[in-house]
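Asks: Residue numbers (the working numbering), protein chains in the order written: chain A, 1 to 361; chain B, 1001 to 1363. Each residue gets a CB set at the ideal place from its N, CA and C atoms; glycine is no exception.
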């Protein structure tokens, strides 16, 4: 029996080790492996259109873009694999996903796919399809998106991942994505000018077929309400009507439900931002108090606008239901739903401006 | 079957802890998220008092049943009936575990492969393992537990560090009532394995079975389930955890170690291969033991393997190929049928058995 047990252990160990068998059995020359770094998903008649981008490797395979349609994302990728003239399509290194629609299909695919990690950054594409965006930028899209991802993190923007978006969509029925837009005049390494992409606010998804893109004025509010620190800069007017650029270095937002006589009165967003004036007329330095008031006004407007967008879409984009549940567990337990469309909002802003070494509150 | 040696309390606890990993990693997180939402992590803790009462009940049952087998303790038709009933349950449970394990291999590694191949391979491995005594299985569990424990601790520490506490709350009194349905799922997991312990206790020296072992097992199991739920809900959120069929493995895939992404699936594969193999082996071993006591006069063996083991092994292998032909059907089995059957045996059949044992014990 000891031999039998020994045999069992050996077989189990071998089974464990065969986890790498898939790679081994399909192993080819590394130069022929097409390492995909960007996945684009668009709606197409009868299904979805999948676009894959591969950045060329030094001494390895050249960069390429592949696309195919299918009734599901899996089928479309299988079609690319079947009809591609190149070697293995290797998906585990996908580091960005572009969505031109089909949000449910895309998130469902990423969440069950053993190839793609579920916290891969997901972007929504504005005024173009994911396929157009990837084809316009060519094989450089992977590098551009990696840079944008780092920039968004540095600037405190909300960076949507597949896991975060899927959780929000499955639990609250809506999700926020960082939006991208095609831009002209990118100078490539070879000196040629072409297209590139840049961050362009946020896209909101509340089910159905369409993505709603937030206005530029709502970007700061969405960032703050979503737990980000805000955008890199806002432009306000000084007392003479000149433009002053304020770099927001820190921002936070706390949501609180205010109750009166046992009833929910309103939901208050208490915002705290710190900014520094970086661009202004040095001959006429702006007044700190004026700038603080301007910043407060702009932040309050942006946050209120974002909250009103929630009400307009009747979507719990920022976890407002959690605030309501905390404030009134009994009411929440009875209804189990937040009627976002019926909530009144108020915004209070505490701002600090620091410029030329002088901080005024 | 090999009958040498008596299994010790610590060895048995090691074995049960490895067995727990099967439902804890595969079934419980999704079930608790679906049933209790973000209060799912409390459900395992809520189940603890009931689990402890159940542990006391099983301990009492063990003291009533000192015989080597149920058939011996009850005798006659009743003994045979209960022995056959439990062996059937263990066989069905083993078949489900074989099918569920093979689906995991198909969905994660060997895409579009027939799951039957993996079910049959694992059944063959388990046939050999189940023919060993419970002591050998427990020693095997003790051997692999440090490795499995280390991998689990690594994953838990890193996932708890990156968990978002806001996803677990707010914690209110109502959270407790929300957690109750999930507590049923936790009890299903804990009690089904505790029942297995009751049958393995037949292979322990008389008079050494104590309530402490059962209680310790229930406490450890509840804490592990709660920790797993905190890690999963805190990282993935309730929406995603409830939607994914294997959230623990998705979490591992996306964990970041020391600031860079590392893929440690190879280590984690062992966390389902070894416990699966041990759980199926223990179930087949118990089923064979029960059948052995019923068919004392009709024993036979084939290639050195007793007929009482061959029968449940073959049956579970065949059943694993037949039940849940597609992933949707498997979801039905794992979310409804198997938990329902487990609860039925734990909370209906076992108390009935207790009554029979007590009546038999009375002079």
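What in chain A is Cβ-close to residue 1022 of chain B, meaning under 8 angstroms?
Replies: Those within 8 angstroms of residue 1022 of chain B in chain A number zero; the least Cβ separation is about 14 angstroms.
Asks: Going by the CB atoms, is the gap between residue 1090 of chain B and residue 1351 of chain B shorter than 8 angstroms?
Replies: no
Asks: Spatial neighbours of residue 1301 of chain B within its chain, please: CB distance less than 7 angstroms, with the 5 preceding and 5 following residues excluded, ordered by chain position.
Replies: 1307
Asks: What ranges does the beta strand (DSSP E) occupy inside the region 157-202 of chain A, keeping only unbroken runs of at least 3 residues that lie completely in it?
Replies: Whole beta strand (DSSP E) segments, 3+ residues: 175-187.
Asks: Hey, does residue 110 of chain A have any beta-carbon neighbour from chain B nearer than 8 angstroms?
Replies: no
Asks: Mind listing, in chain order, the continuous beta strand (DSSP E) runs of no fewer than 3 residues lying wholly within the region 1082-1111 of chain B?
Replies: none
Asks: Can you tell me which residues form a DSSP beta bridge with residue 245 of chain A?
Replies: A/235, A/279
Asks: Would you call residue 85 of chain A buried or exposed, if buried means 16 or more other Cβ atoms sit within 10 Å of its Cβ?
Replies: exposed
Asks: Give the residues of chain B in contact with residue 270 of chain A, contact being defined as C-beta atoms less than 9 angstroms apart.
Replies: None at all; the shortest Cβ gap to chain B is about 17 angstroms.
Asks: Do you know offhand how far residue 352 of chain A's Cα is from residue 37 of chain A's?
Replies: 41 angstroms
Asks: If the criterion is Cβ atoms closer than 8 angstroms, does the pair residue 97 of chain A and residue 39 of chain A meet it?
Replies: yes
Asks: Against chain B, which members of the region 226-259 of chain A pass a CB distance test of less than 7 angstroms?
Replies: The region 226-259 of chain A vs chain B, Cβ under 7 angstroms: nothing.
Asks: Beta carbons nearer than 8 angstroms to chain B: which residues of the region 156-180 of chain A have them?
Replies: 163, 164, 166, 167, 168, 169, 170, 171, 172
Asks: Under 8 angstroms: do the region 1274-1291 of chain B and the region 1067-1075 of chain B share three or more Cβ pairs, one atom per stretch?
Replies: yes
Asks: So, with DSSP's three-state summary, where would you put residue 211 of chain A?
Replies: coil
Asks: Between residue 1351 of chain B and chain A, is the shortest Cβ-Cβ distance under 8 angstroms, so that the two count as touching?
Replies: no
Asks: Pick helix, strand or coil for residue 1364 of chain B, following the three-state DSSP scheme.
Replies: Since the first and last residues shown for chain B are 1001 and 1363, residue 1364 of chain B lies out of range.
Asks: Starting from residue 326 of chain A, follow the beta strand (DSSP E) in both directions and report where the run begins and ends.
Replies: That residue, residue 326 of chain A, is in no beta strand (DSSP E); its alpha helix (DSSP H) goes 320-327.
Asks: Report buried or exposed for residue 1053 of chain B, applying the criterion of at least 16 other Cβ atoms within 10 angstroms of its Cβ.
Replies: exposed
Asks: Contact criterion: CB-CB distance below 8 angstroms. Does residue 70 of chain A meet it with respect to chain B?
Replies: no
Asks: How do the region 1141-1160 of chain B and the region 1246-1260 of chain B stand: do at least 3 beta-carbon pairs fall below 8 angstroms, yes or no?
Replies: Yes, the region 1141-1160 of chain B is in contact with the region 1246-1260 of chain B.
Asks: Closest to residue 130 of chain A by C-alpha separation, out of A/67, A/220, A/46, would be which residue?
Replies: The option with the nearest alpha carbon to residue 130 of chain A is A/67.
Asks: Would DSSP call residue 44 of chain A helix, strand or coil?
Replies: strand
Asks: Considering only their Cβ atoms, is the gap separating residue 99 of chain A from residue 124 of chain A smaller than 8 angstroms?
Replies: yes
Asks: List, in order along the chain, the chain B residues whose C-beta lies closer than 7 angstroms to that of residue 325 of chain A?
Replies: 1170
Asks: At least one CB of chain B closer than 8 angstroms to the CB of residue 114 of chain A: is that the case?
Replies: Put simply, the CB of residue 114 of chain A is near chain B, with a gap under 8 angstroms to one of its CB atoms.
Asks: In terms of residue numbering, what span does the alpha helix (DSSP H) encompassing residue 73 of chain A cover?
Replies: 73-83
Asks: Does the beta carbon of residue 368 of chain A sit closer than 8 angstroms to a beta carbon anywhere in chain B?
Replies: Nothing can be reported for residue 368 of chain A, as the shown portion of chain A is limited to 1 through 361.
Asks: Using a Cβ-Cβ cut-off of 8 angstroms (strictly less than) and excluding sequence neighbours within five positions of residue 1004 of chain B, which residues of its own chain qualify?
Replies: With a pLDDT of 48 at residue 1004 of chain B, under the threshold of 50, the modelled position of that residue is not reliable, and the figure given next carries that caveat. If we look at residue 1004 of chain B and ignore the five residues flanking it on each side, its Cβ neighbours are 1133, 1135.
Asks: Using 8 angstroms as the limit for Cβ to Cβ distance, is residue 362 of chain A near chain B?
Replies: Lying outside 1 to 361, the shown extent of chain A, residue 362 of chain A is not represented and no answer is given.
Asks: Within 8 angstroms, do at least three Cβ pairs link the region 132-143 of chain A to the region 166-176 of chain A?
Replies: Output reads no: the region 132-143 of chain A does not touch the region 166-176 of chain A.
Asks: Using 8 angstroms as the threshold, is the C-beta distance between residue 1098 of chain B and residue 1316 of chain B below it?
Replies: Residue 1316 of chain B sits close to residue 1098 of chain B, with the two beta carbons spaced by under 8 angstroms.
Asks: Using 8 angstroms as the cut-off, can you tell me whether the region 1025-1035 of chain B makes contact with the region 1160-1172 of chain B, which would need three or more C-beta pairs spanning the two stretches below that distance?
Replies: Using a Cβ-Cβ distance cut-off of 8 angstroms, the region 1025-1035 of chain B and the region 1160-1172 of chain B are not in contact, since fewer than three pairs of beta carbons, one from each stretch, lie closer than that value.
Asks: Which partner residues does residue 1360 of chain B have in the DSSP bridge list?
Replies: In DSSP, residue 1360 of chain B forms no bridge with anything.
Asks: Quick one: which residues of the region 118-138 of chain A get their C-beta closer than 9 angstroms to a C-beta of chain B? List them in chain order.
Replies: 118, 119, 120
Asks: Of all the CB atoms in chain A, is at least one closer than 8 angstroms to the CB of residue 1238 of chain B?
Replies: Judged by the 8 angstroms Cβ criterion, residue 1238 of chain B is in contact with chain A.
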